[in-house]
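Visitor: Can you read through this structure? Questions will come right after.
Residue numbers (the numbering used here): 1269 to 1455.
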């Protein structure tokens, strides 16, 4: 799990990234965390339940027909199941579990962080607000809008990981923290 340039040793802090595609951009996203010594778990929301009108017939939903949960609840449940799994790995620091996700997945991340006490740090990105006001800077935030969608930029990953380094690893902050990784509704 340790990568070149890492200053962290076992047990490793872990970043769980709930993402839209386990393949698309996952290596680029993971490399920033891996280079800092974090273990990385990438979960595609589609593995937990599709974001469509057909979600009730996907993933584990057919096994629980008596429940009326929707997709965000399923994604939240899936994050907690990932925590169940990784907590059995002796290479993982069970006290340093961090989760992140973008857009609707950030809403699931926020719920998982609120209800699962094993999660030490929650960094939802753009989970409901299209525009962020931060001090004198209107529109500056962690979500990068582009034609065809939005996502996390490398600068955003740096901000999230700097925040995690400070909170989980007790490292000194290296950036301005007037713009924090969580969404503006959490201020």
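Just so you know, even glycine gets a beta-carbon here, dropped at the ideal spot from N, CA and C.
Could you spell out the range, first to last residue, of the alpha helix (DSSP H) harbouring residue 1361?
Guide: As a first step, residue 1361 must be located in the chain shown, where it is residue number 93. Element bounds for residue 1361: not the alpha helix (DSSP H) but the beta strand (DSSP E), 1360-1370.
Visitor: Alpha carbon to alpha carbon, how far is residue 1425 from residue 1300? Give it in angstroms, no decimals.
Guide: Taking the first residue of the chain shown as position 1, residue 1300 is located at position 32. Taking the first residue of the chain shown as position 1, residue 1425 is located at position 157. Using only the alpha carbons, I get a separation of about 7 Å.
Visitor: State the DSSP-derived secondary structure class of residue 1394, mapped to helix, strand or coil.
Guide: Taking the first residue of the chain shown as 1, we reach residue 1394 at position 126. Reduced to three states, the DSSP call for residue 1394 is coil.
Visitor: For residue 1364 and residue 1331, what's the separation of their Cα atoms in angstroms?
Guide: Here residue 1364 refers to the residue found at position 96 when the chain shown is read from its first residue. Here residue 1331 refers to the residue found at position 63 when the chain shown is read from its first residue. Going by the C-alpha atoms only, they are around 32 Å apart.
Visitor: Pull up the distance between the alpha-carbon of residue 1284 and that of residue 1334, whole angstroms please.
Guide: As a first step, residue 1284 must be located in the chain shown, where it is residue number 16. As a first step, residue 1334 must be located in the chain shown, where it is residue number 66. If you take the alpha carbons of residue 1284 and residue 1334, they lie about 29 Å apart.
Visitor: Under a three-way DSSP split, which group does residue 1284 fall into?
Guide: Indexing the chain shown from 1 puts residue 1284 at position 16. If DSSP states are grouped into helix, strand and coil, residue 1284 belongs with the strands.
Visitor: Does the separation of the CB atoms of residue 1380 and residue 1367 fall below 7 Å?
Guide: Locating residue 1380 in the chain shown gives position 112, where the first residue counts as 1. Locating residue 1367 in the chain shown gives position 99, where the first residue counts as 1. Against a cut-off of 7 Å, the Cβ pair of residue 1367 and residue 1380 comes out as a contact.
Visitor: Hey, residue 1210 and residue 1286: beta-carbon distance below 7 Å or not?
Guide: Because the chain here runs from 1269 to 1455, residue 1210 falls outside it and cannot be looked at.
Visitor: Round the Cβ separation of residue 1355 and residue 1362 to the nearest angstrom and send it over; I've been treating them as touching at under 8 Å.
Guide: Within the chain shown, the letter at position 87 stands for residue 1355. Within the chain shown, the letter at position 94 stands for residue 1362. Yes, they are in contact, since the Cβ atoms of residue 1355 and residue 1362 sit about 5 Å apart, within 8 Å.
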